[in-house]
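Going letter by letter, the sequence shown gives residues -1 to 131 in my numbering. We treat Cβ as the ideally placed atom computed from N, Cα and C, and that holds for glycine.
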Amino acid sequence: MNTFKPNDKVVCIDATPIPIGAPNNSYQDFEFPNGYIEEGAVYCVRSVTLAKVGGQALHIVGPYVLLNNNPIPWNGQRFRKVERNKEKMKRKAEKENLAKVKAVEVRPTKKKEPTLPKRNGSISLRRYISIKH
């Protein structure tokens, strides 16, 4: 559940023209002087109040609702917060790091062939064998 505050950027996720939380009123009692909200559109929260049906209700900059010529807020269930770019990029980086870790864990390991140790200033194995015989 989102917790909204003034000046939050929110995106509309439910623009159905059915009143939410207004059981005693019909759709004809509502007016939308600046038009209706649009799904996917981003709005700025002007103020937040508690909704009568639970949750939060939002007054947003832009479209507003009149019920019997009185301004009322939009139901907060119609919106979600817009993720700030910094938080979004942080989550993306965490997901990429997690994917890299999983890829490393799944990758089979190669067995190394045994090698002779390097010798500094000593004779080579071929020369050692030829001297010994």
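- Taking C-beta separations shorter than 8 Å and ignoring five residues to either side along the sequence, the partners of Val63 in its chain run Phe28, Glu29, Phe30, Pro69, Ile70, Pro71 and Trp72, following chain order.
- Annotation: Tyr62 is outside any beta strand (DSSP E) and is labelled neither H nor E by DSSP.
- The continuous beta strand (DSSP E) containing Lys7 extends over residues Lys7 to Cys10.
- Boundaries of the beta strand (DSSP E) harbouring Val40: Val40 to Leu48, taken from the DSSP string.
- With respect to the C-alpha of Glu37, the residue from Lys50, Val80 and Ile11 having the closest C-alpha is Ile11.
- The C-alpha of Val46 lies about 42 Å from the C-alpha of Val99.
- Taking a contact as a CB-CB distance under 8 Å, the pair Asn5 and Val40 does not count as one, their CB atoms being some 13 Å apart.
- Under the 10 Å beta carbon count, Leu65 is surrounded by fewer than 16 other beta carbons and is classified as exposed.
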